[in-house]
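Counting in UniProt numbering, the sequence shown tops out at residue 149, every number present.
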Amino acid sequence: MDENAKKTALRMIPYGLYVLTAEDQDGNLSAATVNWVTQTSFKPPLVAVGVKTDSQVHGIIKNTNTFALNILGKGQQGIAYTFFKPAEKDGQTIAGEPYRSGSTGAPVLDNTPAFIECRLVGSVEEGDHSLFVGEVVDAGVGQEPEGRA
1 MDENAKKTAL
11 RMIPYGLYVL
21 TAEDQDGNLS
31 AATVNWVTQT
41 SFKPPLVAVG
51 VKTDSQVHGI
61 IKNTNTFALN
71 ILGKGQQGIA
81 YTFFKPAEKD
91 GQTIAGEPYR
101 SGSTGAPVLD
111 NTPAFIECRL
121 VGSVEEGDHS
131 LFVGEVVDAG
141 VGQEPEGRA
């Protein structure tokens with residue numbers, strides 16, 4: 001196989017930018033920028049997200065079976081960059097970004113156009129990322145985005 005062709009072809013798959021968040025019962029919170037996200041079903045509403053297996057957020061999601069996807073809009077690449085590295089919780093902020101606890105207990109960022117909260121219903125654990133399938137149990141739109149990040 002032509003490795004350069006494979007790399008180029010895979011990069012042509014369209015992606016958005018999201019901040020995946022989860023918090024456990026002990027208050028351990030994790031947030032990570034992700035881009036491998038897709039809707040997989042209307043009834044029930046399901047989404048799938050690729051999560052790096054050695055990340056803190058992976059362990060918390062496996063423990064709590066809940067997570068939130070905070071959907072970034074146009075011009076919010078700065079928020080995406082913030083969550084490329086481990087984020088510190090300080091009061092009601094994560095890496096300086098204000099948040100609230102959602103209905104599942106997962107953190108919902110205040111400054112993103114929309115969010116969805118999910119209950120983990122399945123996973124595929126192959127390779128360096130797991131594919132988590134979540135049933136959408138809550139969602140909100142705070143502002144109509146001008147475009148996608």
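For each residue, glycine too, the CB sits at the ideal point set by N, CA and C.
Note that the structure is predicted; figures quoted are calculated from it, not measured.
Considering only DSSP beta bridges, list what residue i is partnered with.
| i | result |
| --- | --- |
| F115 | N70, G140 |
| I61 | Paired residue(s): none; I61 is not in a bridge. |
| G50 | L131 |
| P98 | T93 |
| S41 | L46 |
| E23 | L29 |
| V121 | BP columns for V121 are empty, so no partner. |
| P107 | S101 |
| Y18 | V34, I71 |
| E126 | H129 |
Which term fits residue i, buried or exposed, when burial requires 16 or more other beta carbons within 10 angstroms of its beta carbon?
| i | result |
| --- | --- |
| I5 | Looking at the sequence provided, one finds Ala at residue 5 rather than Ile. Answer is exposed; the Cβ neighbour count stays below 16. |
| T8 | exposed |
| I13 | exposed |
| T33 | buried |
| E125 | exposed |
| E88 | exposed |
| G127 | exposed |
| E3 | exposed |
| Q76 | buried |
| P113 | buried |
| Y81 | exposed |
| Y15 | exposed |
| S30 | buried |
| V49 | buried |
| L72 | buried |
| V47 | buried |
Please check the pair residue i and residue j, which I expect to be a contact at CB under 8 Å, by giving their CB distance rounded to whole angstroms.
| i | j | result |
| --- | --- | --- |
| V51 | F132 | 6 Å |
| S103 | V137 | 7 Å |
| L17 | N28 | Going by Cβ atoms, the distance from L17 to N28 rounds to 24 Å, so no, they are not a contact pair. |
| G134 | R119 | 6 Å |
| L109 | E97 | 5 Å |
| A95 | F83 | 7 Å |
| T40 | S130 | Not really, about 15 Å apart at Cβ, beyond 8 Å. |
| F115 | G140 | 6 Å |
| R99 | P107 | Per the sequence shown, residue 99 should be read as Tyr rather than Arg. Indeed, because the Cβ distance is near 4 Å, the residues count as touching under 8 Å. |
Would you check if there are 3 or more beta carbon pairs closer than 8 Å linking the segment 16-26 to the segment 61-68?
-> yes
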